[in-house]
Amino acid sequence: MLTLKGEHIYLRALEPEDLEFVHAIENDESVWEISNTITPYSRYAIKLYLENAHRDIFEVKQLRLAICNNSDTVIGLIDLFDFDFKNKRAGIGILIKDKVNRGMGHGNDALKLLIGYCDKYLNLHQLYCNISEENEASIKLFEGNGFQKVGLKKDWNFVDGSFKNEYLFQRISS
Numbered sequence: 006m007l008t009l010k011g012e013h014i015y016l017r018a019l020e021p022e023d024l025e026f027v028h029a030i031e032n033d034e035s036v037w038e039i040s041n042t043i044t045p046y047s048r049y050a051i052k053l054y055l056e057n058a059h060r061d062i063f064e065v066k067q068l069r070l071a072i073c074n075n076s077d078t079v080i081g082l083i084d085l086f087d088f089d090f091k092n093k094r095a096g097i098g099i100l101i102k103d104k105v106n107r108g109m110g111h112g113n114d115a116l117k118l119l120i121g122y123c124d125k126y127l128n129l130h131q132l133y134c135n136i137s138e139e140n141e142a143s144i145k146l147f148e149g150n151g152f153q154k155v156g157l158k159k160d161w162n163f164v165d166g167s168f169k170n171e172y173l174f175q176r177i178s179s
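Just so it is clear: in the sequence shown, position 104 is 109 by the numbering used here, and no numbers are missing.
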């Protein structure tokens, strides 16, 4: 079995033709809360990013992969960030772009594939994620994949005029 290929989706490196998809996500104000973004990105900036997306995770400390369905359509992105080789840990972020593709198990499949990749190739001991206290779907997704809630960061993010709490989840490999 291939590490980054599942029954319904597969993960692949970003390609230049992903420019419009990434641009749409990075400029979608409805998801800025989860990415801690407050400014739009130009197509030029994303083009430069895509030109350098091939760089090694050990060098740039992050990895972004496209989540594709079996029709080769990009439906989301999954990221490793804060990659720390010495301490064998990284953060994970995931986004399925369109609501029509959510709730179908694609995020779960992508997360399982990335966890398998981290175990097999990166030899990570720990994965973590940060999830808004209100994001029940993400909490369910990560808990269902072995992540445990280990902390609550009170008033962590300032969103639409008020503070929101954020949970810290960890998955420790045995």
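No residue lacks a Cβ here, since even glycine has one placed at the ideal position from N, Cα and C. Predicted model only: the values in this text are computed from it and were never measured.
Any chain D beta carbon closer than 9 Å to residue i
| i | result |
| --- | --- |
| ARG69 | This model lacks chain D altogether; it includes just one protein chain. |
Opening and closing residue of the alpha helix (DSSP H) in which residue i lies
| i | result |
| --- | --- |
| TYR49 | 48–56 |
| MET122 | With the sequence shown as reference, residue 122 is identified as Tyr, and Met is not the correct amino acid for it. Unbroken alpha helix (DSSP H) run through TYR122: 111–122. |
| GLU38 | 37–40 |
| ILE144 | 141–148 |
| VAL105 | Premise fails: VAL105 is in no alpha helix (DSSP H) and is neither H nor E. |
| PHE163 | First-last for PHE163: 153–164, but that is the beta strand (DSSP E), not the alpha helix (DSSP H). |
| ILE43 | ILE43 -> no alpha helix (DSSP H), and no H or E assigned at all. |
| PHE63 | 62–65 |
Sequence-distant residues of the same chain with beta carbon closer than 7 Å to residue i, five excluded per side
| i | result |
| --- | --- |
| PHE90 | PHE63 |
| ASP114 | GLY11, HIS13, ILE14 |
| ILE177 | HIS130, GLN131 |
Integer Cβ distance of residue i from residue j, believed to fall under 8 Å
| i | j | result |
| --- | --- | --- |
| LEU82 | ALA71 | 6 Å |
| LEU55 | VAL27 | 7 Å |
| ASN32 | PRO45 | 5 Å |
| CYS134 | GLY98 | 7 Å |
| LYS102 | ILE39 | With a Cβ gap of about 12 Å, LYS102 and ILE39 do not count as contacting. |
| ASP84 | ARG107 | ASP84 to ARG107, Cβ: 17 Å. No contact. |
| ASN128 | LYS93 | 6 Å |
6 Å CB neighbourhood of residue i in its chain, flanking five on each side removed
| i | result |
| --- | --- |
| ILE136 | SER143, ILE144, TYR172 |
| PHE86 | GLN67, GLY96 |
| LYS158 | GLU171 |
| PHE174 | CYS134, PHE147, PHE152, LYS154 |
| PHE163 | none |
| GLY112 | ILE99, ILE101, LEU146 |
| GLY156 | LEU173 |
Any non-hydrogen atom of the ligand GTP within 8 Å of residue i CB
| i | result |
| --- | --- |
| ASP165 | As for the ligand GTP, it is missing from this structure, which has no ligand bound. |
Residue interval of the beta strand (DSSP E) (run including residue i)
| i | result |
| --- | --- |
| TYR15 | 14–18 |
| TYR133 | 131–137 |
| GLU196 | This structure gives no information on residue 196, because the portion of the chain shown stretches from 6 to 179. |
| ILE177 | 167–177 |
| GLY81 | 79–89 |
| ASN74 | 68–74 |
Close-in-space but distant-in-sequence residues of the same chain around residue i (CB under 8 Å, 5 per side omitted)
| i | result |
| --- | --- |
| ALA18 | ALA58, HIS59, LEU70, ALA71 |
| ILE73 | Going by the sequence as given, residue 73 is Cys instead of Ile. ILE14, TYR15, LEU16, ARG17, VAL79, ILE80, listed in sequence order. |
Checklist entry - Is there contact between the region 118–138 and the region 22–30, where contact requires at least three CB pairs shorter than 8 Å? => result no
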